[in-house]
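Accompanying notes for the structure given below.
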Amino acid sequence: MDEDKRITLDNLSVRYRGAEDAQLKNVSATASIGQIVGIIGNSHTGKSTLCRVLAGVIPNIISAEITGSCEVLGHSPVHEWPNFNSLTGVVLQNPAGQLSGLADTVADEMAFDLINQGISEDVINKRVANVAAQMGLTDQLVQTPESLSGGQMQRLAIATAIVTQPTILIMDDPTSEMDPLGRQQFFHWLANVQSTTVFIVSSEIDDLSEIADRIWVMDDGQLVEQGTPQAVFNYLDADRQIPKPTAYQLAAGMNWHLSNGALPVTPSELKEAYDGKN
Amino acid sequence: MAKIELQDLQFAYPGKSFNLAVKQQVFADPMTAIVGQNGAGKSTIFKLLTGLLQPDTGIIKVDGHDLADFKPVDRLKTIGITFQNPDDQLFNATVKREVEWSLSQVNDDRDANSQQADKVLANVGLAEKAAENPYDLSLSERKLLTIATVLAIDPEIYLFDEPMISLDSPSKLMLTQIFHELVADGHQVITITHDMDWVAAEFGAVCVMEHGRIQFTGTPRALFGDRGLVERVGLLPPKVMELTSMLGDSRVYLSPEDYYKQNLGK
Amino acid sequence: NAIDPISKLLLILDMALLSFASTNLLLEAGLITGGLLLLLFSKVSSTTVKALGFSLFLIFTMLVIQGLFYSKNQTVWFSIIGINFYKEGLIYATTLGSRVLVIILASGFFMVTTSISENAKYLEQSGLSYKTVYVLMSVCYILPEIMGNMRKIQQAQRVRGVNPQKTVIQKLKSVLPVLIPLVIKTLDQSMTRSISLQLRGFDNPNRKALKSTNRYRLVSGLHIGLTFAAIILIGWKLWTKISGLL
Amino acid sequence: MDRKSVGGKVSSDIFKVVLTAMFIAVTVAISRFFIIPIPMTHGNINLCDAGIFISALLLGPRVGGVVGGASGFLLDLISGYGQYMWFSLIVHGAEGLIVGLIAGKHADRKWTKLIAVSVGIVIMVIGYFVADSVLYNLYAGYVGIGTNLIQGAVGALIAYLVTPRLRKRI
Numbered sequence: 135m136d137e138d139k140r141i142t143l144d145n146l147s148v149r150y151r152g153a154e155d156a157q158l159k160n161v162s163a164t165a166s167i168g169q170i171v172g173i174i175g176n177s178h179t180g181k182s183t184l185c186r187v188l189a190g191v192i193p194n195i196i197s198a199e200i201t202g203s204c205e206v207l208g209h210s211p212v213h214e215w216p217n218f219n220s221l222t223g224v225v226l227q228n229p230a231g232q233l234s235g236l237a238d239t240v241a242d243e244m245a246f247d248l249i250n251q252g253i254s255e256d257v258i259n260k261r262v263a264n265v266a267a268q269m270g271l272t273d274q275l276v277q278t279p280e281s282l283s284g285g286q287m288q289r290l291a292i293a294t295a296i297v298t299q300p301t302i303l304i305m306d307d308p309t310s311e312m313d314p315l316g317r318q319q320f321f322h323w324l325a326n327v328q329s330t331t332v333f334i335v336s337s338e339i340d341d342l343s344e345i346a347d348r349i350w351v352m353d354d355g356q357l358v359e360q361g362t363p364q365a366v367f368n369y370l371d372a373d374r375q376i377p378k379p380t381a382y383q384l385a386a387g388m389n390w391h392l393s394n395g396a397l398p399v400t401p402s403e404l405k406e407a408y409d410g411k412n
Numbered sequence: 013m014a015k016i017e018l019q020d021l022q023f024a025y026p027g028k029s030f031n032l033a034v035k036q037q038v039f040a041d042p043m044t045a046i047v048g049q050n051g052a053g054k055s056t057i058f059k060l061l062t063g064l065l066q067p068d069t070g071i072i073k074v075d076g077h078d079l080a081d082f083k084p085v086d087r088l089k090t091i092g093i094t095f096q097n098p099d100d101q102l103f104n105a106t107v108k109r110e111v112e113w114s115l116s117q118v119n120d121d122r123d124a125n126s127q128q129a130d131k132v133l134a135n136v137g138l139a140e141k142a143a144e145n146p147y148d149l150s151l152s153e154r155k156l157l158t159i160a161t162v163l164a165i166d167p168e169i170y171l172f173d174e175p176m177i178s179l180d181s182p183s184k185l186m187l188t189q190i191f192h193e194l195v196a197d198g199h200q201v202i203t204i205t206h207d208m209d210w211v212a213a214e215f216g217a218v219c220v221m222e223h224g225r226i227q228f229t230g231t232p233r234a235l236f237g238d239r240g241l242v243e244r245v246g247l248l249p250p251k252v253m254e255l256t257s258m259l260g261d262s263r264v265y266l267s268p269e270d271y272y273k274q275n276l277g278k
Numbered sequence: 073n074a075i076d077p078i079s080k081l082l083l084i085l086d087m088a089l090l091s092f093a094s095t096n097l098l099l100e101a102g103l104i105t106g107g108l109l110l111l112l113f114s115k116v117s118s119t120t121v122k123a124l125g126f127s128l129f130l131i132f133t134m135l136v137i138q139g140l141f142y143s144k145n146q147t148v149w150f151s152i153i154g155i156n157f158y159k160e161g162l163i164y165a166t167t168l169g170s171r172v173l174v175i176i177l178a179s180g181f182f183m184v185t186t187s188i189s190e191n192a193k194y195l196e197q198s199g200l201s202y203k204t205v206y207v208l209m210s211v212c213y214i215l216p217e218i219m220g221n222m223r224k225i226q227q228a229q230r231v232r233g234v235n236p237q238k239t240v241i242q243k244l245k246s247v248l249p250v251l252i253p254l255v256i257k258t259l260d261q262s263m264t265r266s267i268s269l270q271l272r273g274f275d276n277p278n279r280k281a282l283k284s285t286n287r288y289r290l291v292s293g294l295h296i297g298l299t300f301a302a303i304i305l306i307g308w309k310l311w312t313k314i315s316g317l318l
Numbered sequence: 063m064d065r066k067s068v069g070g071k072v073s074s075d076i077f078k079v080v081l082t083a084m085f086i087a088v089t090v091a092i093s094r095f096f097i098i099p100i101p102m103t104h105g106n107i108n109l110c111d112a113g114i115f116i117s118a119l120l121l122g123p124r125v126g127g128v129v130g131g132a133s134g135f136l137l138d139l140i141s142g143y144g145q146y147m148w149f150s151l152i153v154h155g156a157e158g159l160i161v162g163l164i165a166g167k168h169a170d171r172k173w174t175k176l177i178a179v180s181v182g183i184v185i186m187v188i189g190y191f192v193a194d195s196v197l198y199n200l201y202a203g204y205v206g207i208g209t210n211l212i213q214g215a216v217g218a219l220i221a222y223l224v225t226p227r228l229r230k231r232i
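Chains as they are written, first to last, in my numbering: chain A, 135 to 412; chain B, 13 to 278; chain C, 73 to 318; chain D, 63 to 232.
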């Protein structure tokens, strides 16, 4: 495969200044362009740090000792910042903290990045309308950002990240404050995202298994499993204390196997295994 | 178990169109979940129960006594609440002192408070962190700490506002375990949550809210059996039911275990 | 909306200075009517009404206190249930109250006619660095957010037994449990926000200041005229003070 | 967010810019919630000095000055004490600037802190004495000295209690 179309982490370690332990320890992983990579793991296992490295926040904004290499589609977030920054859209954990703090309305907030890039007003208006429609915020465009609910705020944060049409999208637990319907819509939207490479940290195991091309499992700063959702959840050690998808649990209890012998992790796989059994 | 009763409760925020109206409601099950979309009035009920808001009309009774007559200390000992965001309440220099501070609001005996704090911290798995600054803990641990500050006082009734948000999966298991222990000890637990899988698998009663009204109270099995209602109030059934209905089975299943029980060996 | 923000500020300054320079109640009344008219012709918001209500209450307490205790009180004007209100004090308090009202009305006019983003755009266009504009203007947006955080923290602490409502001691005791979470939360949010602003291209050199949608008339003329008026007023006030001393 | 791992490692111009704006807002917010009106001076006792001292001690003279001036101004504007706002801009601004200057790089030392904050209080008290005298009369000015001293002392005490806990997080 062409080297420019891959995401490669090679022996990546990160230690924050003044901290005793490394946050990331010898992480090596690969993924390809256009894939959705789901990152899972328990609290304090390095998921957020990994996101920060992929986004170039470490070491460009937060200083840290970093060894090993990180190449994203032929660019290095470590060495090619701010060039790399223009390719990425980032959604951090705390949605309210990501607002610019200088916008009358939701529409102004979405336009902030584009104004900073010096894009013309016509283009800005078009893109804002388009993104608002995607995120279901069209009715909220004229409201003030503070008046939004937690879930809407998260959708606004996502909107501000995708309005610049990034080729790489990095999201750290973007649905924590959404209600079930909002979350369902979000993952539905994400499944239909085209020509964008997505890294997403989430604890929504079921939704991730359905839409992700790769799953990376973090534990204590190390990347302990990586592969397709089916492969990862079939081999994941129960000691990791990470829940399995409901489809997997159902099939495991009922002994419904796929033709390749593995247990299903997505609804369609479950259907396949169920039909094969009955 | 203490019993909460709402009678002809009415509340409206000044200047907003939202109003809450509950004619008659008894929280009879020891483990009740309050569910509904954002803005349905779930948090408003909690604020009324904790006295942060006063009802416009109607009364709230705990074991037959009007809540408005409770002294502040008695109220703390009767109803304890944890909010969604742990960072809104942590301010002491160490984890242990945070718990002790809560205890000092109801009890002056320092030694007893210190012992109680140690016991509770061990209970939520934070014993090793007792001397650390609360803000050095992970989000999941901070959330457990705020829960510990309430557990320490050991009120009769526990209110939890979205306890599962920002907990990782081992902590979720631990909290569910704690809930069952509380219920076994004769406490009542009332929880606001969006997590339908959890509600279906663990709770005895569900109370559905929409636009400031209580639309349904009953068992999870009854709720999820009424697909029309579930859809109308903007809820999703538990994931296991989404899967089984895809497989052409329209019965109610509350968890994968529930499915095995009903289908294995047939 | 044809007046630019700086001219409006200068206008406020002029009105305030004029009301301080004079002790003539008729002039004060005129200024108050002027301020009221300005406000009515723009748009009256609920916040201005609230602010006005509060200052009227303040002025009322002023009238009572000065009417009773003003040091130059001599002539009894009227009495209520045996308590004497003096003419000198009441007149003095009316003068003070009018000044307060003039300032508040003029400021209210400024606030309702100028949106924050209009100010921000104007300041950026007039050559201020974007960072300075950000500090000055983002406060207006951050404030409601912080107030919201504060309310949430207060509630969370109140159900733990903190009661800030009754005595001054209780109020003081409730300061730390609210202040510390608030400041730490703010630090946290500042960090997220500064990371996010950088990611979103805050210091991008390509940034183009947005064209303000309002066209201002007579900008330089107004500025010069109003500044000149302010200087004259200050000069006049100083001169009367000095000549009073001589 | 994971504070232990990140605290104190973000350093940039933008961080200072954001912090300044945020601290102005925090100062106004806390002052709004703990405000005791004083009818005799037609003013009030509030906690804005605590916020100003904290900002000046933790973040230096420039931030201290801006936070002081802007929060004093805004606070008066929105609390209905509009007659004070221009005075507050100057008085509190000078207060924050000077406290930050005196505390300088040794804001951890007890005595430096104490001296800096005392000078700050003196500036504030004198400033408002002038303001009260101009706005009303000398009598109001004298009454103000007392209440402003109390306000300054309370602010200093709170800043003293809070700053050590925050220092390592910036």
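Just so it is clear, CB atoms sit at the ideal spot from N, CA and C, and this is done for glycine as well.
Quantities reported herein were computed from a predicted structural model and do not represent experimental measurements.
Could you please give the first and the last residue of the uninterrupted beta strand (DSSP E) stretch that includes residue i?
i, result
"A/Arg374", "It is not in any beta strand (DSSP E) - A/Arg374 carries neither H nor E in the DSSP assignment."
"B/Asp261", "No beta strand (DSSP E) contains B/Asp261, which DSSP labels as neither H nor E."
Along chain C, which residues have their Cβ under 9 Å away from the Cβ of residue i?
i, result
"A/Ile195", "Ser266, Ile267, Gln270, Leu271"
"D/Leu136", "Val211, Cys212, Leu215"
Can you determine whether any heavy atom of the ligand NAD sits closer than 7 Å to the C-beta of residue i, and answer yes or no?
i, result
"A/Val332", "For the structure depicted, the ligand NAD is absent and the ligand set is empty, with no information on it obtainable."
Beta-carbon of residue i versus every beta-carbon of chain C: anything under 8 Å?
i, result
"B/Ser289", "The structure shown has nothing for residue 289 of chain B, since chain B only spans 13 to 278."
"A/Gly152", "no"
"A/Asn228", "yes"
"A/Met135", "Any reading at A/Met135 must be qualified, since the residue scores a pLDDT of 43, below 50, and its modelled position is unreliable; no value is offered."
Please name the residue, chosen from the options, that lies closest to residue i on a Cα-to-Cα basis.
i, options, result
"C/Ile176", "C/Ser268, C/Met87, C/Ile304, C/Gln270", "C/Met87"
"D/Thr209", "D/Met186, D/Ser180, D/Leu120, D/Val125", "D/Met186"
"B/Ala24", "B/Glu17, B/Leu18, B/Leu32", "B/Leu32"
"A/Gly180", "A/Ala237, A/His209, A/Ser393, A/Tyr150", "A/Tyr150"
"B/Val85", "C/Ala302, C/Asn235, C/Leu108, C/Gln261", "C/Asn235"
"A/Ala156", "A/Asp354, A/Ile339, A/Arg140, A/Val171", "A/Asp354"
Considering only DSSP beta bridges, list what residue i is partnered with.
i, result
"A/Cys204", "A/Leu143"
"A/Ile302", "A/Thr222, A/Thr331"
"B/Leu61", "The partner list for B/Leu61 (beta bridge, DSSP) is empty, contrary to what the question assumes."
"B/Val218", "B/Ala45, B/Gly230"
"A/Met352", "A/Leu357"
Can you name the residues of chain D whose CB is closer than 8 Å to the CB of residue i?
i, result
"C/Phe157", "None at all; the shortest Cβ gap to chain D is about 16 Å."
"C/Phe274", "Ile76"
Using a Cβ-Cβ distance under 8 Å, would residue i count as near chain D?
i, result
"C/Asp86", "no"
"C/Ala301", "no"
"C/Thr312", "no"
Taking 8 Å as the CB-CB limit, is residue i close to chain A?
i, result
"C/Met222", "no"
"C/Gln261", "yes"
"C/Pro77", "no"
"C/Met134", "no"
Which residue marks the beginning of the alpha helix (DSSP H) containing residue i, and which one marks its end?
i, result
"B/Lys35", "Looking at the DSSP string, B/Lys35 is not in any alpha helix (DSSP H); the run it does join, the beta strand (DSSP E), is 31-39."
"A/Ile170", "Unbroken run through A/Ile170 is the beta strand (DSSP E), 170-174; no alpha helix (DSSP H)."
"B/Ile190", "181-196"
Report the neighbours of residue i on chain A: residues whose CB is nearer than 8 Å to its CB, in chain order.
i, result
"B/Lys251", "Asp340, Thr380"
I'd like to know whether the C-beta of residue i is nearer than 8 Å to at least one C-beta of chain B.
i, result
"C/Gln242", "no"
"A/Leu357", "no"
"C/Pro216", "no"
"A/Ile376", "yes"
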